[in-house]
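Below you'll find the structure, written out as structure tokens, and then a few comments.
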Amino acid sequence: MTQSVPLVDITRGPILESIHYGDAVVCNAQGEIVHAWGDPDKVVLPRSSAKMLQALPLVESGAADAFGLTDAQIALSCASHGAQPIHTESVASWLSDLGLSEADLRCGSHEPSHKESRRAMLLAGETPCQLHNNCSGKHAGFLTLNKHLGGHSEYIEIDHPVQQACLSAFEEVTGETSPGFGIDGCSAPNHAVSLVGMARAMGFFAGANPEGDARNRAAYRIHRAMATYPVLISAEGRACERLINAADNKIAVKTGAEAFFIAILPEQKLGVALKITDGSTRAAECAIAAILVKLGALDPAHPHAQRYINWDIKNANGWSTGHMRPSAILN
Numbered sequence: 001m002t003q004s005v006p007l008v009d010i011t012r013g014p015i016l017e018s019i020h021y022g023d024a025v026v027c028n029a030q031g032e033i034v035h036a037w038g039d040p041d042k043v044v045l046p047r048s049s050a051k052m053l054q055a056l057p058l059v060e061s062g063a064a065d066a067f068g069l070t071d072a073q074i075a076l077s078c079a080s081h082g083a084q085p086i087h088t089e090s091v092a093s094w095l096s097d098l099g100l101s102e103a104d105l106r107c108g109s110h111e112p113s114h115k116e117s118r119r120a121m122l123l124a125g126e127t128p129c130q131l132h133n134n135c136s137g138k139h140a141g142f143l144t145l146n147k148h149l150g151g152h153s154e155y156i157e158i159d160h161p162v163q164q165a166c167l168s169a170f171e172e173v174t175g176e177t178s179p180g181f182g183i184d185g186c187s188a189p190n191h192a193v194s195l196v197g198m199a200r201a202m203g204f205f206a207g208a209n210p211e212g213d214a215r216n217r218a219a220y221r222i223h224r225a226m227a228t229y230p231v232l233i234s235a236e237g238r239a240c241e242r243l244i245n246a247a248d249n250k251i252a253v254k255t256g257a258e259a260f261f262i263a264i265l266p267e268q269k270l271g272v273a274l275k276i277t278d279g280s281t282r283a284a285e286c287a288i289a290a291i292l293v294k295l296g297a298l299d300p301a302h303p304h305a306q307r308y309i310n311w312d313i314k315n316a317n318g319w320s321t322g323h324m325r326p327s328a329i330l331n
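Take 1 as the starting number for the sequence shown in the working numbering and just add one per residue.
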């Protein structure tokens with residue numbers, strides 16, 4: 001079996017201190033492998049990197065149009081947001097338009113990941129609710145689709161029409177029958193797939209025809225919404241937001257828990273799927289940036305690109321003590 005390969009190096013002074021191993025695949029719009037590092041057949045849980053696939057039935061079914069969703073709301077349906085006010089207020093308004101409330105969500109609550117928003121909440125003596133869950137936009141999308149389908153309130157159950165629609169879209173676009181699923185942090189099912197299956201799906205999104213059938217139009221609208229509103233799918237100062245902005249909003253990238261990352265490159269008509277074996281998010285950010293540079297989607301001289309492909313590691317005194325850089329195999 002093909003083994004994971006070194007994708008990211010950590011140095012301290014002149015010493016190679018750590019190596020992050022992983023696997024990555026690039027597919028074109030026809031689903032063919034263009035580049036591969038490590039094991040393209042590795043079975044993975046794509047976690048939040050699969051959110052555009054979970055949003056596909058929302059748009060393809062006509063539910064998004066039936067409820068007048070904007071492209072900003074489509075972006076939120078794909079978000080792992082930081083719970084800034086722009087996120088929480090937008091989701092609350094969306095739910096209100098549906099005649100629903102925060103209590104109808106099934107994602108659970110946690111503190112904002114956006115530091116300033118978390119600090120403001122603590123200073124105000126407030127406690128987080130489900131709107132602050134980074135997946136609340138995805139769940140608002142589920143609830144919109146559920147209204148359209150007429151399903152019962154427990155929309156996260158695996159046999160619910162919403163989740164069955166998500167599974168069908170997931171398997172059809174990845175070109176694989178999922179071997180199983182795990183329950184994500186937001187309590188929704190997250191389906192397993194091979195790494196090449198995810199890259200194949202991202203290649204489909206990259207090549208989606210805005211004048212094509214309902215699925216093509218939906219995929220095009222979703223990736224354009226993600227690229228247009230990077231702060232909505234992420235938060236100010238996070239890797240997804242920075243990398244999309246650095247690429248002049250021509251691409252869509254999306255992180256997932258445990259060091260997963262995808263990229264959708266419409267100009268190159270390429271899709272990328274990446275997994276760092278040890279779950280290091282910082283390594284995934286470095287590796288995806290290096291691949292974007294390699295594929296011509298990101299200027300290596302851009303400050304946001306440099307931040308990830310030439311990460312300066314500092315100590316408590318602010319001294320530069322080492323670097324995080326892509327391994328030779330990515331260069």
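The beta-carbon is built from N, C-alpha and C at its ideal position, and this holds for glycine as well.
Quick caveat: nothing in here was measured; it's all calculated off a predicted structure.
Query	Result
Reduced DSSP category for residue 42 - H, G, I as helix; E, B as strand; rest coil	coil
DSSP beta-bridge partners of residue 184	DSSP, once it has assigned bridges, lists no residue as partnering residue 184.
Beta strand (DSSP E) runs wholly inside the region 264 to 306, at least 3 long, in chain order	270 to 276
Integer-rounded CB distance, given that residue 194 should sit under 8 Å from residue 41	5 Å
Stretch pair the region 295 to 307 + the region 233 to 243: three plus CB contacts closer than 8 Å	yes
Limits of the beta strand (DSSP E) - the one that residue 17 falls within	15 to 28
Rounded straight-line distance, which links the Cα of residue 300 to that of residue 130	38 Å
CB-CB length for residue 254 against residue 49, believed under 8 Å	5 Å
Distance CB(residue 78)-CB(residue 103) smaller than 7 Å	no
CB of residue 109 within 7 Å of CB of residue 85, strictly	no
Residue ranges of each alpha helix (DSSP H) within the region 39 to 93, 4 or longer	51 to 60, 63 to 66 and 71 to 77
Meets three-Cβ-pair contact criterion under 8 Å: the region 132 to 143 and the region 185 to 192	yes
As assigned by DSSP and simplified to three states, the class of residue 230	helix
CA-to-CA distance, residue 158 to residue 202, given in whole angstroms	24 Å
Close Cβ partners of residue 229 (< 6 Å) along its chain, the five nearest in sequence each way excluded	72 and 75
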